[in-house]
Ligand SMILES: Nc1ncnc2c1ncn2[C@@H]1O[C@H](COP(=O)(O)OP(=O)(O)O)[C@@H](O)[C@H]1O
Ligand SMILES: [Mg+2]
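Chains as they are written, first to last, in this note's numbering: chain A, 1 to 331; chain B, 332 to 643.
This is the structure in structure tokens:
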């Protein structure tokens, strides 16, 4: 596809830890087209954050990343440092769950915006200030001129998240990676921030990968969705496809844990349903997983699940890695 | 409260501290065995001579009378004359204290100058050979007695290589600094080991902070991330340590000044204690208390400058 910005192929991340090797992410394929919002959902620990950080090599030294992350024709995983730095922030930016820890406590918000502009642009000081004011305005922070001088602890939670968005968007990235941007916020503010992100995405023509464990958020905002389980993408398709006719037993179980969040209710009015855990625990990642990782918790499991199922496309671009895919849809 | 108000309040708080330390010093010196007069006159003096001189100096009065007299003069800025040197104590201290302060400040600068870059190299290469090497060298620095380091520096850089003078203080500011360089290095070595250990640990902690990842995700250079984002946060806890330790540098200065024949208050203090020079010991103790209090205040100001959250 010509308007594909990001094409991830067979991404895997292992961590070397004192207690052995942790296979946090394996075999992840993901594509993002210009301007679209892709949701990445899954239980806590399923590898969403690690996947997101791997895309621009933000993981620490104990991580081994393999596979390909093709960004507009270049493999980010193979780029030299200086090329990578030019992409980070300028083309692919990222925001985090907890702005209190993601913002530097000793630098003013203005400074944290400014250094982004210095790194990626040629504006003079006055120009950068004008741009910084414009950015605060854009994310809905009032009295921008005073707020630029303020430090993170002088903002409320929602304002801090807005400030972080302003910083991330300073250099006009084409893709924003958002790691649970609303999870740490009050419910009323969650909605405002989500709306803000959606408006910015549309207004700026900026694509977004939105990580969340809130299916309501995905239903409300995303074009397509990837469901992760134990470090793998197990189902992928448009939001209508995945939430309307789930083809993976895990997705199906997820949706069933939420009353009123069935095939017909995935649109605007969908309940802001939280993900209620399914019986049992996700598997440990520090030993090889044979077969389908979800099988031990799955009501549809059968003998063939001892071999890991491949991702299968049903012909409409709706893919799932589940032997029970057809049975689920038939019900 | 604003910064100016805070500084004013802290300066006021020094006063009660000073009074307390003055009282303690006044009493303690008089509890020492021996007295200045017998010290001055030696073993052959008759009791009558000693008594006469004591009376002349007011030392025969009850201690509380002596204290009230001392206070009466002190509030007028007169801290008495040195018993041994026969000059006003204030003049003696004004001559000697700047020497020691310069020595301590130079030692602090050298210690920071050594510790900061090496802590960085150590932390960034944590648990690889540069880290092991730096930590091993500093471990030696930390465990070497100051007088030993001092003698070693003297032998090598002053006596053998003749790069530096073997002692004294020289004339003029440049010459002063030149004379104080080796003693400052001797004083700085274990101090820099303390700073380096603390800073290395803080840097390692800060490197795992999420705001460092956010800074990296913005495409900032490694240099900016380390100097602007990491160092500043890591220094916050280390600055407190540096401030606290500068107080104990004065203790180390006593030894260093003796080894390098530097005319500072460290040596003056030791000489005065031997001579039971009460007036000098009292006044010097109070002067040092002021210096230490001001150091702590300066530390807090630096801390506030580094960390906007502390300014509240
Ligand atoms: N630095 C690390 N070292 C070892 N294991 C890690 C590290 N970071 C993440 N993991 C493991 O990788 C798995 C995926 O984590 P993560 O991507 O953060 O999950 P989530 O989907 O909740 O964002 C978890 O099991 C986590 O314990
Ligand atoms: Mg996460």
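No residue lacks a Cβ here, since even glycine has one placed at the ideal position from N, Cα and C.
Is there at least one Cβ from chain B nearer than 8 Å to residue 69(A)'s Cβ? Position 69 of the first chain, counting from 1, holds the residue named residue 69(A). Cβ-Cβ to chain B under 8 Å: no for residue 69(A).
As a quick exercise: from 354(B), 457(B) and 420(B), pick the residue whose alpha carbon is nearest that of residue 530(B). Sequence index remark: in the second chain, residue 530(B) carries index 199 (1-based). For residue 530(B), the closest C-alpha among the options 354(B), 457(B) and 420(B) is that of 457(B).
Between the region 101 to 116 of chain A and chain B, which residues of the former have a C-beta closer than 9 Å to a C-beta of the latter? The residues in question are 101, 102, 103, 104, 105, 106, 107, 108, 111, 112, 115 and 116.
Starting from residue 20(A) and walking both ways along the alpha helix (DSSP H), at which residues does that stretch end? On the first chain, position 20 is the one that residue 20(A) refers to. That residue, residue 20(A), is in no alpha helix (DSSP H); its beta strand (DSSP E) goes 20 to 33.
Would you check if the region 546 to 555 of chain B and the region 112 to 120 of chain A touch, i.e. whether three or more CB-CB distances between them fall below 8 Å? Segments in contact, yes.
Report all residues from its chain with a CB closer than 6 Å to the CB of residue 611(B); omit the five preceding and five following residues, and keep chain order. Locating residue 611(B) in the second chain gives position 280, counting from the first residue. Once the five neighbours on either side are set aside, the close Cβ partners of residue 611(B) are 413, 420 and 603.
Is residue 226(A) helix, strand or coil when you go by DSSP? In the first chain, residue 226(A) corresponds to position 226, counting from 1. In this structure, residue 226(A) counts as strand in the three-state DSSP scheme.
If residue 133(A) sits next to residue 145(A), beta carbons under 8 Å apart, how far is it from one beta carbon to the other, in whole angstroms? Taking the first chain and counting its residues from 1, one reaches residue 133(A) at position 133. Taking the first chain and counting its residues from 1, one reaches residue 145(A) at position 145. Taking a contact as a CB-CB distance under 8 Å, the pair residue 133(A) and residue 145(A) counts as one, their CB atoms being some 6 Å apart.
Whole-angstrom C-beta distance between residue 138(A) and residue 166(A), which should lie under 8 Å: Here residue 166(A) corresponds to residue number 166 of the first chain, with the count starting at 1. Here residue 138(A) corresponds to residue number 138 of the first chain, with the count starting at 1. Residue 166(A) to residue 138(A), Cβ: 7 Å. Contact.
From which residue to which residue does the beta strand (DSSP E) around residue 94(A) run? The residue you call residue 94(A) lines up with position 94 of the first chain. Per DSSP, residue 94(A) belongs to the beta strand (DSSP E) from 92 to 95.
When the Cα of residue 399(B) is compared with those of 378(B), 433(B) and 350(B), which residue comes out closest? Residue 399(B) sits at position 68 when you count from the first residue of the second chain. Check the Cα spacing between residue 399(B) and each of 378(B), 433(B) and 350(B): the tightest is with 350(B).
Kindly list the residues whose CB is nearer than 7 Å to the CB of residue 29(A), restricted to its own chain and excluding five residues on each side of it in sequence; keep chain order. To locate residue 29(A), count along the first chain from 1; it is residue 29. Excluding its 5 nearest sequence neighbours in each direction, residue 29(A) has C-beta neighbours in its own chain below 7 Å: 8, 9, 10 and 233, listed in chain order.
Indicate the three-state DSSP secondary structure (helix, strand or coil) for residue 412(B) in the structure shown. If you number the second chain from 1, residue 412(B) lands on position 81. In this structure, DSSP gives residue 412(B) an extended state, which the three-state scheme calls strand.
Beta carbons nearer than 9 Å to chain A: which residues of the region 542 to 570 of chain B have them? Going along the region 542 to 570 of chain B in chain order, one finds 542, 543, 544, 545, 546, 547, 548, 549, 550, 551, 552, 553, 555, 559, 560, 563, 564 and 567 with a Cβ nearer than 9 Å to chain A.
From the DSSP output, which residues share a beta bridge with residue 320(A)? The count along the first chain starts at 1 and reaches residue 320(A) at position 320. Within the DSSP bridge table, the entry for residue 320(A) names 235(A) and 312(A) as partners.
Option in 44(A), 21(A) and 13(A) with minimal Cα separation from residue 67(A): Position 67 of the first chain holds residue 67(A). Closest option to residue 67(A), Cα to Cα, is 13(A).
Could you give the C-beta distance for residue 140(A) and residue 186(A), rounded to a whole number, given that I count them as a contact under 8 Å? If you number the first chain from 1, residue 140(A) lands on position 140. If you number the first chain from 1, residue 186(A) lands on position 186. Incorrect: roughly 16 Å between the Cβ atoms, too far for contact.
Ignoring anything shorter than 4 residues, give me the alpha helix (DSSP H) runs that lie fully in the region 594 to 626 of chain B, in order along the chain. Segments of the alpha helix (DSSP H) lying fully in the region 594 to 626 of chain B: 596 to 606.
Less than 8 Å between the C-beta atoms of residue 333(A) and residue 84(A), yes or no? The shown model of chain A, from 1 to 331, leaves out residue 333(A), and the question about it has no answer.
Just mark residue 562(B) as buried or exposed, buried being the case when its beta carbon has 16 or more other beta carbons within 10 Å. Numbered from 1 along the second chain, position 231 holds the residue referred to as residue 562(B). The residue is buried, with at least 16 neighbouring Cβ atoms inside 10 Å.
Whether residue 218(A) touches residue 638(B) by CB criterion (8 Å): As a working note, residue 218(A) is residue 218 in the first chain. As a working note, residue 638(B) is residue 307 in the second chain. Taking the C-beta atoms as reference points, residue 638(B) is found no nearer than 8 Å to residue 218(A).
From residue 624(B) to residue 345(B), what distance separates their C-alpha atoms? Along the second chain, one-based indexing puts residue 624(B) at 293. Along the second chain, one-based indexing puts residue 345(B) at 14. Each residue's alpha carbon lies about 7 Å from the other.
In the DSSP assignment, what residue or residues form a beta bridge with residue 110(A)? Within the first chain, numbered from 1, the residue matching residue 110(A) stands at position 110. Paired residues: none, contrary to the question.
Exposure of residue 406(B), with buried meaning 16 or more beta-carbon neighbours within 10 Å: For the purposes of this step, residue 406(B) is identified with residue 75 of the second chain, where counting begins at 1. Residue environment analysis places residue 406(B) among the exposed positions, since fewer than 16 neighbouring C-beta atoms fall within 10 angstroms of its C-beta.
Can you tell me whether DSSP reads residue 273(A) as helix, strand or coil? As a position in the first chain, residue 273(A) is number 273, starting the count at 1. Because residue 273(A) sits at a pLDDT of 48, beneath the cut-off of 50, its placement in the model cannot be relied upon, and the following sentence gives the value as read from the coordinates. Residue 273(A): coil per DSSP, three-state reduction.
Check the Cβ of residue 637(B) against every Cβ in chain A and list those closer than 9 Å, keeping chain order. Here residue 637(B) corresponds to residue number 306 of the second chain, with the count starting at 1. In chain order: 106.
By Cβ distance, which residues of its chain are closer than 6 Å to residue 313(A), with the 5 residues on each side in sequence left out? Mapped onto the first chain, residue 313(A) falls at position 313. Closer than 6 Å at the Cβ level, and outside the excluded window around residue 313(A), lie 319.
Within 8 Å of chain A by C-beta, residues of the region 525 to 541 of chain B in sequence order: If you check each beta-carbon in the region 525 to 541 of chain B against every beta-carbon of chain A, the ones closer than 8 Å belong to 539, 540 and 541.
Would the beta-carbon of residue 648(B) fall within 8 Å of that of residue 424(B)? Residue 648(B) lies beyond the range of chain B shown here (332 to 643); nothing can be said about it.
Kindly give me the distance between the Cβ atoms of residue 50(A) and residue 69(A), rounded to whole angstroms, as I take these residues to be in contact under 8 Å. Sequence index remark: in the first chain, residue 50(A) carries index 50 (1-based). Sequence index remark: in the first chain, residue 69(A) carries index 69 (1-based). Rounded to whole angstroms, the Cβ separation of residue 50(A) and residue 69(A) is 13 Å, and the two are not in contact under 8 Å.
Which whole runs of the beta strand (DSSP E) in the region 100 to 182 of chain A are 3 residues long or more, in chain order? Within the region 100 to 182 of chain A, complete beta strand (DSSP E) segments of at least 3 residues are found at 175 to 179, given in chain order.
Around the C-beta of residue 460(B), are 16 or more other C-beta atoms found within 10 angstroms, so that it is buried, or is it exposed? Stepping through the second chain from its first residue, residue 460(B) is reached at position 129. Residue environment analysis places residue 460(B) among the exposed positions, since fewer than 16 neighbouring C-beta atoms fall within 10 angstroms of its C-beta.
Using the C-alpha atoms, what's the distance from residue 522(B) back to residue 474(B)? In the second chain, the residue the question calls residue 474(B) occupies position 143. In the second chain, the residue the question calls residue 522(B) occupies position 191. Each residue's alpha carbon lies about 11 Å from the other.
Which residues in chain B have a C-beta closer than 8 Å to the C-beta of residue 85(A)? List them in chain order. Numbered from 1 along the first chain, position 85 holds the residue referred to as residue 85(A). Neighbours of residue 85(A) on chain B, chain order: 550, 551 and 552.
Cross-chain neighbours of residue 89(A) in chain B, by beta carbon under 7 Å: Locating residue 89(A) in the first chain gives position 89, counting from the first residue. Taking the beta carbon of residue 89(A) as reference, the chain B residues within 7 Å of it are 548, 549 and 550, listed in sequence order.
Going by other Cβ atoms of all chains shown within 10 Å of its Cβ, with 16 needed for buried, is residue 321(A) buried or exposed? If you number the first chain from 1, residue 321(A) lands on position 321. Its Cβ being crowded by 16 or more others within 10 Å, residue 321(A) is buried.
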